[in-house]
Amino acid sequence: MRVFNEAKIFNINAPIPINENVRNDIVSEIAFNIVEKITIEKTKVEVFINDENILKKIIEVTAKAIWKSGNYSENDLILNDYELNEIKRICNNTIEFIEKLKKSELQFKPEFKGYSFIPDLIGDLSIDDTLFEIKTVNRNFKSSDLKQLFIYLALQQVSTGQNWKNAGLYNPRKGTYCIFNVKGLIYNLTGGKSPNEAFENLLDGLTRDIQLDSKF
Numbered sequence: 022m023r024v025f026n027e028a029k030i031f032n033i034n035a036p037i038p039i040n041e042n043v044r045n046d047i048v049s050e051i052a053f054n055i056v057e058k059i060t061i062e063k064t065k066v067e068v069f070i071n072d073e074n075i076l077k078k079i080i081e082v083t084a085k086a087i088w089k090s091g092n093y094s095e096n097d098l099i100l101n102d103y104e105l106n107e108i109k110r111i112c113n114n115t116i117e118f119i120e121k122l123k124k125s126e127l128q129f130k131p132e133f134k135g136y137s138f139i140p141d142l143i144g145d146l147s148i149d150d151t152l153f154e155i156k157t158v159n160r161n162f163k164s165s166d167l168k169q170l171f172i173y174l175a176l177q178q179v180s181t182g183q184n185w186k187n188a189g190l191y192n193p194r195k196g197t198y199c200i201f202n203v204k205g206l207i208y209n210l211t212g213g214k215s216p217n218e219a220f221e222n223l224l225d226g227l228t229r230d231i232q233l234d235s236k237f
């Protein structure tokens with residue numbers, strides 16, 4: 022938890038308690054996709070929630086993305102009232118988060134060029150000089166949440182030689198977020214290594230693990 026000793030956790034939204042009748046995986050992804058469309062089209066959540074045809078298309082696209090095996094039925098694409106309500110609340114929290122933090126630039130789903138055996142990847146959200154990973158979970162942040170974020174930062178650093186000044190996590194369900202300075206954190210965690218050296222070592226380690234796994 023050393024990272025979170027350096028990155029203060031802030032409360033920014035009202036928390037959303039999870040309901041046992043809600044499938045968190047598809048609900049959180051649908052909400053994120055709706056927020057992206059709301060931001061681009063400058064409209065409201067209700068436009069997507071209340072229009073059955075528009076909502077159905079978003080559900081179908083989301084299902085294909087998270088259930089890549091295709092092992093789901095038409096019934097799995099039907100949202101109950103609890104799920105619709107949570108989608109709306111998660112959307113509203115995420116929009117509030119963006120509006121409070123954004124000063125000028127906003128990018129959904131930034132793309133990262135792959136490295137060796139690591140494929141091209143897509144992140145969550147970039148707000149000004151900060152890359153955010155979104156974790157819609159009913160718990161506090163933990164160190165393992167940062168793994169994917171570090172991989173994105175490493176790919177960006179190695180492929181372009183540049184990076185975000187800050188990175189962080191946001192949880193629209195808990196209404197919390199944290200931000201840390203990338204260079205400062207890398208320096209402290211690695212005993213003074215530069216971001217270039219630290220991130221290249223990280224990617225090399227990951228590709229070695231992939232090679233070893235493929236032999237067994």
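With positions in the sequence shown counted from 1, the corresponding number in my numbering is that position plus 21. Just so it is clear, CB atoms sit at the ideal spot from N, CA and C, and this is done for glycine as well.
According to DSSP, is glutamine 169 helix, strand or coil?
helix
So the alpha helix (DSSP H) glutamate 57 belongs to, where does it begin and stop?
45-62
Could you tell me which whole alpha helix (DSSP H) segments of length 4 or greater appear in the segment 131-206?
168-181
Any 3 or more C-beta pairs closer than 8 Å across the segment 78-88 and the segment 190-208:
no
Assign isoleucine 200 to one of two classes, buried (16 or more other C-beta atoms within 10 Å of its C-beta) or exposed (fewer than that).
buried
So, at 8 Å on beta carbons, what are the nonlocal neighbours of phenylalanine 118 in its own chain, with the 5 sequence-adjacent residues on each side left out?
Ile33, Asn34, Tyr191, Pro193, Tyr198
Separation of asparagine 209 from leucine 227, as counted between CA atoms:
21 Å
Look at the alpha carbon of isoleucine 108 and the alpha carbon of alanine 52, and state the distance between them as a whole number of angstroms.
5 Å
Backbone CA spacing between lysine 29 and threonine 181 [nearest angstrom]:
CA-to-CA, the gap between lysine 29 and threonine 181 works out to about 29 Å.
Cβ pair lysine 123, isoleucine 148 closer than 7 Å
Yes, they are a contact pair.
Taking its Cβ as the centre, do 16 or more other Cβ atoms sit within 10 Å of asparagine 244, making it buried, or is it exposed?
Since the first residue of the chain shown is 22 and the last is 237, residue 244 is not available in this structure.
Reference asparagine 71, options Tyr136, Leu100, Leu170, closest by Cα
Leu100
Quick one: residues in its chain with C-beta nearer than 6 Å to the C-beta of valine 43, no 5 flanking neighbours on either side, listed in chain order?
Tyr103, Glu104, Glu107
Among Tyr136, Val158, Thr157, which has the Cα closest to the Cα of alanine 175?
Tyr136
Once DSSP output is grouped into helix, strand and coil, what is the label at asparagine 222?
helix
Give the secondary structure of leucine 210 by DSSP, where H, G and I count as helix, E and B as strand, and everything else as coil.
helix
With a threshold of 6 Å on Cβ separation, who are the neighbours of isoleucine 37 within its own chain once the five nearest residues in sequence on each side are excluded?
Arg110, Arg194
Counting along the chain, where does the alpha helix (DSSP H) carrying leucine 122 start and finish?
102-122
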